[in-house]
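Per our numbering, residue 2 is the first one in the sequence shown, and the count goes up by one each step.
Glycine residues also receive a C-beta, built at the ideal position from the N, C-alpha and C atoms.
The next block holds one structure in the form of structure tokens; read it before the comments.
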Amino acid sequence: MIEAANRLQTVEEYYFSKKLREVNFLITSGKPIINLGIGSPDLQPPQKVVEAIKEGLLASNAHKYQSYQGLPELREAIAEFYKEHFSVSLSATTEVLPLMGSKEGIMHISMAYLNEGDAVLIPNPGYPTYQSVTKLVGAKPVFYELDAANNWLPDFEALEQLDLSKVKLMWVNYPNMPTGAQPNTYLFEELVAFAKRHNILIVNDNPYSFILNESPKSILSIEGAKDVCLELNSLSKTFNMAGWRVGMVLGDSKHINNILKVKSNMDSGMFYGIQKGAIEALKCSEMWFVTLNSVYKQRRDLVWKLADALNCTYDKNATGLFVWAKLPDSVKAEAYIDSVLKDKHIFITPGTIFGSKGEGYIRFSLCATNEVLEEAIKRVE
2 MIEAANRLQT VEEYYFSKKL REVNFLITSG KPIINLGIGS PDLQPPQKVV EAIKEGLLAS
62 NAHKYQSYQG LPELREAIAE FYKEHFSVSL SATTEVLPLM GSKEGIMHIS MAYLNEGDAV
122 LIPNPGYPTY QSVTKLVGAK PVFYELDAAN NWLPDFEALE QLDLSKVKLM WVNYPNMPTG
182 AQPNTYLFEE LVAFAKRHNI LIVNDNPYSF ILNESPKSIL SIEGAKDVCL ELNSLSKTFN
242 MAGWRVGMVL GDSKHINNIL KVKSNMDSGM FYGIQKGAIE ALKCSEMWFV TLNSVYKQRR
302 DLVWKLADAL NCTYDKNATG LFVWAKLPDS VKAEAYIDSV LKDKHIFITP GTIFGSKGEG
362 YIRFSLCATN EVLEEAIKRV E
């Protein structure tokens, strides 16, 4: 028998890949499952975006290989978007790299910067892919804890106590997923100063910046940030284009060039029509965000009601596509969500998939209609 690579022994199959098989089996067995686990937007992209991809299908060069760096007009649209919404000036030629979803950027960045034995600072709780990719490239995860007492922000005194001698990369994610905690300018200033003191590359993963958030922020807005920071962003949540796989990495040209060396050896450029659609999305007016968030606000109100019915507590100042809720004391997250799935036919994400600091918490997705959420409330009540 041909054995798998040793690196696969360091990771497990992604939680949702496994759990959704169970959920789908229940659905095919006739169970009326309500899925509040996944953050896959169920709303439609802007109509002009859909029209743009349709038109792109008919272009003479639509089916050819595309540039590894994306269409120049897509890079320009990204740069303009960052200038308008984050007050960040970027060179569309050298400081912007479109990605096939920001998730692939986590792998590209890791492969571009990490050697075997390097260490990586990873938030706990945090997006599981940070840890799995770190292990896949042979680096060592070093977890820094976030907790509600500090509003899920890094504790810099605790960070300074860690052995940072081998740390080369640090993942941060604000607005935060899963907790919904918002950043402030002081946090980003502290992160930039921390990175410069210890010669660490910080990557802010920023796909939730426009969901139920009136003040989007970018770490690249901080003076000197480009020297030591990258930012990932995505059209998945902001424009309901998760399946399109459109993301971006932004930063200093030397960092972008290093990532491009990896990316250009792993794909052959994003499909032309998708790029044309992405350009239109990035040009959307403020009314798009207002309309989108009015829908999510109604849904969040209902999820809060559902959380109340489950005797959970939550932070009403949190932002993003999820509600992060604390279970009653001594209740274990995974056992609890399995019980709710079995008894109420509602799937909710356990906080433990995001790390040990997620124990005692569950995460609700807002990617369900008002009618579905009202049904969930009825089942619980």
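{"Item": "Run of the beta strand (DSSP E) containing Met-171, from where it starts to where it stops", "Value": "168-173"}
{"Item": "Stretch-stretch touch, CB-based, cutoff 8 Å, three pairs: the stretch 186-196 with the stretch 224-238", "Value": "yes"}
{"Item": "Range covered by the alpha helix (DSSP H) that runs through Arg-76", "Value": "73-87"}
{"Item": "Any 3 or more C-beta pairs closer than 8 Å across the stretch 143-161 and the stretch 121-129", "Value": "yes"}
{"Item": "Assigned exposure category for Gln-183 - 16 Cβ within 10 Å defines buried", "Value": "buried"}
{"Item": "Sequence-distant residues of the same chain with beta carbon closer than 6 Å to Glu-77, five excluded per side", "Value": "Ala-93"}
{"Item": "N-terminal and C-terminal residue of the alpha helix (DSSP H) that Ser-340 is part of", "Value": "334-345"}
{"Item": "Exposure of Asp-302, with buried meaning 16 or more beta-carbon neighbours within 10 Å", "Value": "exposed"}
{"Item": "DSSP bridge partner residues for Pro-124 (one or two, in chain order)", "Value": "Tyr-145"}
{"Item": "Where the alpha helix (DSSP H) through Gly-57 begins and ends", "Value": "48-58"}
{"Item": "Cβ pair Leu-391, Phe-323 closer than 9 Å", "Value": "Here the chain covers residues 2 to 382 and nothing more, so residue 391 does not appear."}
{"Item": "Burial state of Thr-350 (16 or more Cβ within 10 Å)", "Value": "buried"}
{"Item": "Closest by C-alpha distance to Asp-268, when choosing among Val-138, Lys-167 and Leu-100", "Value": "Leu-100"}
{"Item": "Short Cβ contact (9 Å threshold) for Phe-365 with Leu-59", "Value": "no"}
{"Item": "Cβ-based neighbour list, Trp-172, same chain, cut-off 6 Å, excluding 5 preceding and 5 following", "Value": "Ile-123, Tyr-131 and Val-204"}
{"Item": "For Ser-366, the residue or residues it bridges with in DSSP", "Value": "Phe-323"}
{"Item": "C-alpha gap between Ile-79 and Glu-335, whole angstroms", "Value": "40 Å"}
{"Item": "Contacts around Lys-49, its chain only, beta-carbon distance under 7 Å, and the 5 residues preceding and following it disregarded", "Value": "Glu-281"}
{"Item": "As assigned by DSSP and simplified to three states, the class of Ile-220", "Value": "helix"}
{"Item": "Asn-152 - DSSP class collapsed to helix/strand/coil", "Value": "coil"}
{"Item": "Residues that Ile-349 bridges to, as DSSP identifies them", "Value": "Leu-37"}
{"Item": "Straight-line gap, Thr-314 to Val-304 (C-alpha atoms, nearest Å)", "Value": "11 Å"}
{"Item": "Contact set for Gln-45: own chain, Cβ-Cβ below 8 Å, skip 5 residues either direction", "Value": "Val-51 and Asn-241"}
{"Item": "Own chain, CB closer than 8 Å to Lys-32, minus 5 neighbours either side, in chain order", "Value": "His-346"}
{"Item": "For Pro-176, three-class secondary structure by DSSP", "Value": "coil"}
{"Item": "Nearest neighbour of Asn-25, chosen from Ile-378, Arg-380, Phe-348 and Tyr-128 [CA to CA]", "Value": "Phe-348"}
{"Item": "Sub-9 Å separation of Arg-383 and Leu-91 beta-carbons", "Value": "Lying before the first or after the last residue shown, residue 383 is absent from the chain, which here runs from 2 to 382."}
{"Item": "CB contact flag (Met-325, Gly-181, <9 Å)", "Value": "It should be noted that the sequence gives Trp, not Met, for residue 325. Against a cut-off of 9 Å, the Cβ pair of Gly-181 and Trp-325 comes out as a contact."}
{"Item": "For Ser-235 and Ala-6, the rounded distance between their alpha carbons", "Value": "31 Å"}
{"Item": "Boundaries of the alpha helix (DSSP H) in which Asn-371 is found, first to last residue", "Value": "371-381"}
{"Item": "DSSP three-state assignment for Thr-314, whether helix, strand or coil", "Value": "strand"}
{"Item": "Pairwise C-alpha distance: Thr-370 and Gly-40", "Value": "13 Å"}
{"Item": "Reduced DSSP secondary structure (H/G/I, E/B, other) of Asp-302", "Value": "helix"}
{"Item": "Simplified DSSP assignment, three categories, for Val-134", "Value": "helix"}
{"Item": "Bounding residues of the alpha helix (DSSP H) (the contiguous stretch that carries Met-249)", "Value": "From DSSP, Met-249 is part of no alpha helix (DSSP H) but of the beta strand (DSSP E) over 248-252."}
{"Item": "In DSSP terms, what Leu-233 is bridged to", "Value": "Asp-206 and Val-250"}
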